[in-house]
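Quick note: the sequence shown uses the numbering used here, first residue 15, plus one each step. Glycine included, every Cβ here is placed at the ideal spot set by N, Cα and C. The structure appears right after this line, and notes come after that.
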Amino acid sequence: MAEAYPWQGSLWQQLAGRTQHAHAYLLHGPAGIGKRALAERLMALLLCKSPAGLEACGQCKSCLLLAAGSHPDNYILEPEEADKAIKVDQVRDLVGFVAQTAQLGGRKVVLIEPVESMNINAANALLKSLEEPSGDTVLLLVSHQSSRLLPTVRSRCVQQACPLPSEAMSLQWLTAALPDCSEEERVELLTLAAGSPLMAANLQSQGVREQRAQVVDGVKKLLKQQMSATQLAEGWNAISLLLLFDWFCDWSNLILRYQLTQDEDGLGLADMRKVVQYLAQKASREKVLNIQDWILAQRQKVLSKANLNRVLLLEALLVQWAALPTQN
């Protein structure tokens, strides 16, 4: 059974309580808030032969087949490899499934995640199935970045926003999920995960707090000229490029914010507050804006899976970062 997260209560009532279901739903919102679990829970309910209230019974033939991963009227479409695109041939196979009659005589349910990983040809191949799925078919599309979807895909679905849980609710859940972490560590993880509790738990399991400490230490040594850009770039091999660009993007934002507001409460996490404040005081706004534009452009290349020379890219980032403080 898919996990029911406490912050999804009213959203679940709204979705599961419908007397008539749309042929396509787009469940969209930030990564790490349980959209996939919500879609799987709805999929189970839609396929169940004897639902118990707003939940699948878990006991009927349909539920047992679904739990075993062998339900003939259920189709899950994902990238063949992590972080790769969903290809047009995969969507054509799905279209063939949608055209068939349901083998158990009920609904067919399709789950696609993340739907924004479809390339343009794959997205176009899906449109007819989204508009007129044959028989009683429901398509559940899960998106972490719905702005990347074709308008023609979005317009054919009932769009359901899945909001971030409150900080209090997230921390309460993390207390149970990460009992060995201190309250301060859980707050730090939630901040690093931009408020997404499941991502916060994932970051902890990946050792991201330790990686961040390594990066912060390196940045401080770089600014004190105790380490070179090349040494750091080669030493950060185990750390995700996207994570690194996210952090430097965040730090450049905080520098700009402090330059504009002088608000010491807006300096971000404690580990980089003094560095952010120092750079805000020493760097020209033009330099900060330029490095921020560059970071965002490179981050986009990382997101689009461009073939990048990792060490050279990080060296270029760090050389610019080291040059931020204007020499007196």
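Close CB contacts of serine 131 within its chain, under the 7 Å cut and outside five residues either way in sequence, are with Pro93, Ala99, Ile100 (chain order). Beta-bridge annotation (DSSP): histidine 42 is paired with Ser157, Ala175. Classified as buried, leucine 281 has 16 or more neighbouring CB atoms from the shown chains inside 10 Å of its CB. The three-state reading of DSSP puts glutamate 69 in strand, counting E and B together. Between leucine 155 and isoleucine 126, the beta carbon gap of about 5 Å places them in contact (Cβ cut-off 8 Å). Approximately 17 Å separates the beta-carbon atoms of alanine 227 and leucine 192; this is outside 8 Å, ruling out the contact. Taking the Cβ atoms as the reference, alanine 30 lies roughly 13 Å from leucine 61, outside the contact range of under 8 Å.
The beta carbon of histidine 37 lies closer than 7 Å to those of Pro147, Thr151, Val152, Leu153 in the same chain, with the five residues before and after it left out. Rounded to the nearest whole angstrom, the CA to CA distance from leucine 164 to aspartate 87 is 27 Å. Between leucine 203 and glutamine 218 the beta-carbon gap is near 6 Å, inside 8 Å, which marks them as a contact.
An exposed status is given to proline 177, since fewer than 16 other beta-carbon atoms sit within 10 Å of its beta-carbon.
Beta-bridge analysis with DSSP links threonine 151 to Lys122. According to the DSSP secondary-structure assignment, leucine 91 is paired through a beta bridge with Ile126. Within the DSSP secondary-structure output, isoleucine 47 pairs in no beta bridge. Straight through space, the alpha carbons of leucine 40 and tryptophan 261 are spaced by roughly 30 Å. Across the structure, lysine 75 and lysine 63 are spaced so that their CA atoms are roughly 8 Å apart. Under the DSSP definition of a beta bridge, methionine 132 partners with Ile100. Approximately 5 Å separates the beta-carbon atoms of valine 129 and serine 157; this is inside 8 Å, confirming the contact.
For glycine 23, the enclosing alpha helix (DSSP H) covers residues 23 to 30. Taking a 10 Å sphere around the C-beta of alanine 337, we find fewer than 16 other C-beta atoms and assign the residue as exposed.
Leucine 185 is positioned such that its CB atom lies closer than 8 Å to that of arginine 200. Measuring C-alpha to C-alpha distances from glycine 120 to each of Ser196, Ser143, Ala58, Leu141 identifies Ala58 as the nearest. For lysine 238, the three-state secondary structure derived from DSSP is coil. About 4 Å separates the beta carbon of valine 105 from that of alanine 136, a gap short enough to meet the 8 Å contact definition. Just so you know, the alpha carbons of alanine 139 and glutamate 145 end up roughly 11 Å apart. Per the Cβ contact rule, the stretch 238 to 251 is in contact with the stretch 322 to 339 (3 or more Cβ pairs under 8 Å). Inclusion of leucine 236 and tryptophan 335 in the CB contact set at 8 Å is warranted, their separation being smaller than that value. In this structure lysine 122 is buried. Its beta-carbon is surrounded by 16 or more other beta-carbon atoms within 10 angstroms.
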